[in-house]
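Engineer:
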Amino acid sequence: MIRKLLLAIFGASAIGLAGCADDPTVGQEPFDGESTVTATVEFRPLVPALDRATRTTGDAIRSIRSLCVLLYDSKGDLVKKYPLAEGEGPGRYKVEEEERTSTPDSPTAEAKTPRATFTLGEGIPYGDYYIYAVANMGGLDDRADEIRTIEGLKSILLTWNEGDIAANDQMLGFFTAAGKVEKQAPLLRLNTKTAALHAWIRRAASKVTVAYDGSALEEGVFIYLKSVAIKDIPSTCKLGDKNTPDEKRQLIAQGEQIVYGTGTDYGENWHARITKGHPVYPYPAGEEYDPTREAEYKAAAHSEKAEALFFYENMQGEGKDKRQDSDDDHKLDAPGNKEEGDAGYKDDKPYGSYIEVKAYYRSINADRIGSGEITYRFMLGKDVKTDYDAERNHHYKLTLKFNRFANDVDWHIDYTEEDPGMLIPSPFYISYLYNHTMLMPLKINTAGREIVSLQAKIVENGWAPTGAPKSEYYFPADRPAEKPFNGFLSLRQTMLTVIPSPGGNPNKPTLETANKNYYESNYRHLRNYLTTEGSHDIDAPDPAQNTVLGKEGDGKYWVEIDRESHSSTFQIPLYTRAKQLIIKTGFTGNNPYEAYPRTAKVQFVARLRDAEGAEVELKDIATIVQVPRIVNPKGIWRKHDSTTPFHVVLKQLPQENATRFETFPSEGPWKAYVVRGDRSTIHLAQDTVRGSTDTPIDFNIFFEGCDADESKCAVIRVEYHNYSCYHLIFARQGSASIALVPGGTRWRTCNMRTATTEADCPTEEGSLFRFANWDDPIDATNNVADGFKDHTNTELLIAGTSTRKKWSQIHAANNKASFSDPTVGGKTLRVATFQDFEELYQADDIEQGYGVLYGNDATETLTEVGEVYGHSYTTHGNTDDRGKGYGMRGTFVYNKSEKNAEYSGRNLFFPIGVSGYGQRKNTDGYSNGTAVVKYAGIANTISDIYRPLFYDLYRRPGAIYWLRELVDDTGRPEDDYQRALGWDFNYFSFDFNLISAGNIIDNGGWVPTGKPSNTGTPDSSNACFVRCVEID
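Residue numbers for the sequence shown follow this note's numbering, so the first one is 894 and each next one is one higher.
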């Protein structure tokens, strides 16, 4: 709302005479002679008026381009005019800038205005005169008849130039004795040899600047400014007399306009967006919003050069109280939505000038959801109450202060909700994580009708990225409407992490059918909601099948009925699906893309019935956006004795192949808190840290330290985008071995580097080992993402030594062998077995997260991709800080339990390596190379509409970890899961599962079941990571 009304005169130009001169007086007797007149003409500075289609800068009409001095006798008749040209010497004027000082009694809106000085080229006969100055109208030769009298001069009718705003710079003033200020032109007596005169000239036009303040908005409310315009400005204006249009034809309906944005892509990239977190506009185009500069933004919005709307004077006098809540009862006295031409449309001032702001309004706040076009109007005048005089030579500083849900009661507001109608906040965001939920508000205006039914149906459900280049995914299989069962969204809660596969070894069409059957038979796409007030956990009967679909546990929803406003608000739960929708299909409820969202569409259909039994059907479609996956940061590790905090700023990639991460704003409020684990050792600044709409997710994690034989863990949950999206950060302090489940295996913290040493910290990847060979660990420095080059003849550095060996010199055992138990620091360990990993795979409380871990020397979230992924022992801790604080990608395995406080939040990290490819393949069928640094073997030669996410899996990141020994029978139903020799960490498709022996040892290395161990060919294995566990 408008807080203050301030008037300031704009542009008084002083026209004055230089040198020593006598003051002209009227009290002396006249006598014969001539007076040499030296004068100063100055702009009267713009008066600040409201302190609170083109783009015109605010200084567009401040120049003196021409000057004409007119002498009138005591009767008001023209004696002579003196056209002056710019230059030096008599009969010419010289322009320079003059500093202006604002005082409470004489406020100004301009720090400097032009000042013209001159000496007339000829003497003026002694006598009594009224002397006027006219600027920017040439020599007035075309106005000869009008300027014969003072009345004629003042009544010259100016015409507004719509095509050249700067041409509307006509000015008029009168001369006084130097140093004197007069409200009316005085009769001056010139009776001395020299006379010093001074004139203030005023523009016929004024200007208005408009600023915006959203600091009083509620969270989750967005205003997308589209334009501001001045309307109904006078088409003509009198040069000196009061200008009061009294007919519609004397007005220009559409004056100047400033366009802030076009189109309908209302999102975070709309520059002129007002929110609680970014409340001030305008701010410089091309710059990121900086909250620390808000005072600067506010000042610049009303500066002399700020974009302005210009208009001629329009004096409409006093009128009704224009405030929309003049009696402070918090209700609109003159509601909006009046038809143009209605008396209330312009506060009963049909010929007044007004400002109109057009915007798009969106609220995802559950207290008042809605969206649509909205218009704000304000009648110009010198106060915010009853004055409708838009006076000349004023700078009107207007600030539109949005209140709560953007309903600013000092302005007329045009915003309509359909009645009856359905309001859905669209788009609405959901987490990138699997098995997560959010509540979406849906409002139905009933117009007094009864809601008979409400049904939701998923009509599109995408597995593919939205807005991605076609090179980023297998686009022929992008069929969100035809195959919604492959998509990420569900209307019902999913409890499973992995949707089970049919038994045996089904083909691809069979797998797709199984996925479809699960989706449809469990009604993941369809739900009918009870419409009675309260919370509900079951469906209403389906109108088509006349039975209740689904079951209890599918997810609770709420209904709130407002009988006064005849509306019902539903809180509808929506869910992301399981991590893996049958493993072999590759489809996932977790967004695998770091740069792109995925999109689904849900159709809502409501039936309403009136008292006579007549029914009406309402339909609307909500767009549900699964946000891009966030990996930076995903975890923080500290040594046991460290108390160094970590500064979290969530960042995401703008494109999949980008080289820099970018900070992004939360579309709605956000908060962060410790949701699992040890809150005394690992904590935030408060129990819950909060941020406003449109601000970065930015907070600190603090560590208090623990004993050397301890490891403390916690999980921080970040809720952003109006709390509808979640991100988990896994924090750990200490390196002591831990079990993730009660009575389970105690896992070591770091990968193996050699036969007797582990990596220094969890962010170090360790070495790659060929199967059962401790003697030749392939050092991490060898492992570079080089486009799958052949390394047959590459000399590979052996970790812990200066020795280099070719791949053929690094031996591997056949599948009948096993890793011997290593000794580290005098303690005997063993390589993790299938049973150790399977324990985690089968445990109900164990889940996985995928992203970047920062280590002990990291203090903040990094930006450069090479740094975010690039932790290496070779640069870690260098004195020049090169490599210090770098991160590492990998998989977090954690205990999600709420009930078991001892194990809740415990987590392990498995790195995938700096290259992103935690494996070196013995032979690569795609490149025909040997010792190739590559995670997966599937190539993009596959044309597979059934498994599109596997289309380019060969270039996606991941890692393989060895099992201690081969397992001939895993007990899994699938045929190709019967023999396991490794564990698969798929960073892209989120697989955390065994990998069959045939994928990591070539056929030549196989020893068939029942055959002697010496029958297999050695040296046929890949090289993989190794993680050890404690031997109890």
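Even glycine gets a Cβ: it sits at the ideal position worked out from N, Cα and C.
Rounding to the nearest angstrom, what Cα-Cα distance links T918 and V1103 in this structure?
Structural biologist: Its pLDDT being 44, under 50, T918 is placed unreliably by the model, and the measurement read from it follows with that caveat. The alpha-carbon atoms of T918 and V1103 are separated by roughly 45 Å.
Engineer: Assign S967 to one of three DSSP states: helix, strand, or coil.
Structural biologist: DSSP places S967 in coil when its eight states are reduced to three.
Engineer: According to DSSP, simplified to helix, strand and coil, what is K1376?
Structural biologist: Looking at K1376 - three-state DSSP - the assignment turns out to be coil, as it is neither helix nor strand.
Engineer: Would V1518 and P1490 qualify as a contact pair, given that the criterion is a beta-carbon distance under 8 Å?
Structural biologist: Cβ distance < 8 Å, so V1518 and P1490 count as in contact.
Engineer: Rank A1673, F1681 and N1800 by C-alpha distance to the C-alpha of L1689 and give the top, closest one.
Structural biologist: Comparing Cα-Cα distances from L1689 to each of A1673, F1681 and N1800, the minimum goes to A1673.
Engineer: Over the uninterrupted alpha helix (DSSP H) stretch that includes D1729, give me the two end residues.
Structural biologist: Taken as a continuous stretch (DSSP letters only), the alpha helix (DSSP H) holding D1729 covers F1727 to Q1735.
Engineer: Between which two residues does the beta strand (DSSP E) harbouring I1529 extend?
Structural biologist: Residues G1528 to R1531.
Engineer: If you draw a straight line from the C-alpha of Y882 to the C-alpha of W1876, how long is it?
Structural biologist: Residue 882 lies beyond the stretch modelled for the chain, which goes from 894 to 1925, so this question has no answer here.
Engineer: E1740: buried (16+ other C-beta within 10 angstroms of its C-beta) or exposed?
Structural biologist: With 16 or more other Cβ atoms within 10 Å, it is buried.
Engineer: Between the region 1336–1347 and the region 1412–1424, are three or more C-beta pairs nearer than 8 Å?
Structural biologist: Because the criterion of three Cβ pairs below 8 Å is met, the region 1336–1347 and the region 1412–1424 touch.
Engineer: Helix, strand or coil: how does DSSP classify I1049 here?
Structural biologist: Coil at I1049, not helix or strand.
Engineer: Would you grab the beta carbon distance between E1284 and M1208 for me? Rounded to a whole angstrom, and I think it's under 8 Å.
Structural biologist: Contact flag correct, Cβ pair sits at about 7 Å.
Engineer: Between the alpha carbons of L1118 and F1271, how many angstroms are there, rounded?
Structural biologist: Going by the C-alpha atoms only, they are around 16 Å apart.
Engineer: Where does S859 sit, in a helix, a strand or coil, going by DSSP?
Structural biologist: Within the shown structure, residues of the chain are numbered from 894 to 1925, placing residue 859 beyond reach of any answer.
Engineer: Please report how far the alpha carbon of H1418 lies from the alpha carbon of L1474, in whole angstroms.
Structural biologist: About 15 Å.
Engineer: What residue does the beta strand (DSSP E) around E1249 start on, and which one ends it?
Structural biologist: From DSSP, the beta strand (DSSP E) with E1249 extends over Y1247 to S1256.
Engineer: If the criterion is Cβ atoms closer than 8 Å, does the pair A1097 and F1203 meet it?
Structural biologist: Contact: no.
Engineer: Which residues in the same chain as I1805 place their Cβ atom closer than 7 Å to its Cβ, once the five residues preceding and following it in sequence are excluded?
Structural biologist: Cβ within range, chain order: R1782, G1783, G1811, P1850, G1851, A1852, F1878 and Y1880.
Engineer: Would you kindly work out how many angstroms separate the C-alpha atoms of E990 and D1214, rounded to a whole number?
Structural biologist: If you take the alpha carbons of E990 and D1214, they lie about 41 Å apart.
Engineer: Are at least three pairs of beta-carbons, each pair with one atom in the region 1553–1562 and one in the region 1592–1608, less than 8 Å apart?
Structural biologist: The region 1553–1562 is not in contact with the region 1592–1608.
Engineer: Going by DSSP, which residues form a beta bridge with Q1348?
Structural biologist: Answer is N1421 and V1498, bridged to Q1348.
Engineer: For K1409, does the three-state DSSP call read helix, strand or coil?
Structural biologist: Helix, per DSSP.
Engineer: Compute the Euclidean distance between the alpha carbons of F1843 and R1342, then round it to the nearest angstrom.
Structural biologist: Each residue's Cα considered, the two are about 51 Å apart.
Engineer: Please go through the same chain and pick out, in chain order, the residues whose beta-carbon is closer than 8 Å to the beta-carbon of Y1247, but skip the five residues on each side of it.
Structural biologist: Contacts found: I1123, K1124, D1125, K1239, R1270, F1271, M1272 and L1273.
Engineer: CA-CA distance, R1920 and Y1854?
Structural biologist: Roughly 7 Å separates the two Cα atoms.
Engineer: Assign N1896 to one of two classes, buried (16 or more other C-beta atoms within 10 Å of its C-beta) or exposed (fewer than that).
Structural biologist: Exposed is the call here.
Engineer: Pull up the CB-CB distance for G1482 and A1471, whole angstroms please, since I reckon it's below 8 Å.
Structural biologist: So it is a contact: roughly 5 Å between Cβ atoms.
Engineer: With a threshold of 16 other CB atoms inside 10 Å of the CB of N1793, please say whether the residue is buried or exposed.
Structural biologist: So N1793 counts as exposed.
Engineer: Note down, in chain order, each residue of its chain lying with its Cβ closer than 6 Å to the Cβ of D1280, except the 5 sequence neighbours on either side.
Structural biologist: Answer for D1280: G1274, listed in chain order.
Engineer: If distances are taken between C-alpha atoms only, which option among A1026, G1045 and S1889 comes closest to R1095?
Structural biologist: With distances taken between Cα atoms, R1095 lies closest to A1026.
Engineer: Assuming contact is defined by CB atoms lying nearer than 8 Å, are D1447 and Q1496 in contact in what I supplied?
Structural biologist: Cβ atoms of D1447 and Q1496: not closer than 8 Å.
Engineer: Classify Q1702 as helix, strand or coil using the three-state DSSP reduction.
Structural biologist: The answer is helix: DSSP assigns Q1702 an H, G or I state.
Engineer: What do you get for N1162, buried or exposed, if any count of 16 or more other CB atoms within 10 angstroms of its CB means buried?
Structural biologist: Counting Cβ neighbours within 10 Å, N1162 comes out exposed, since fewer than 16 surround it.
Engineer: Within 8 Å, do at least three Cβ pairs link the region 1069–1080 to the region 1161–1177?
Structural biologist: No, because fewer than three Cβ pairs between the region 1161–1177 and the region 1069–1080 fall closer than 8 Å, the two stretches do not touch.
Engineer: In terms of DSSP beta bridges, what is P1177 paired with?
Structural biologist: According to DSSP, which records beta bridges pairwise, P1177 is partnered with nothing at all.
Engineer: Can you tell which of L1755, G1020 and Y1779 has the C-alpha that lies nearest to the C-alpha of H1764?
Structural biologist: Taking only the C-alpha atoms, the option nearest H1764 is Y1779.
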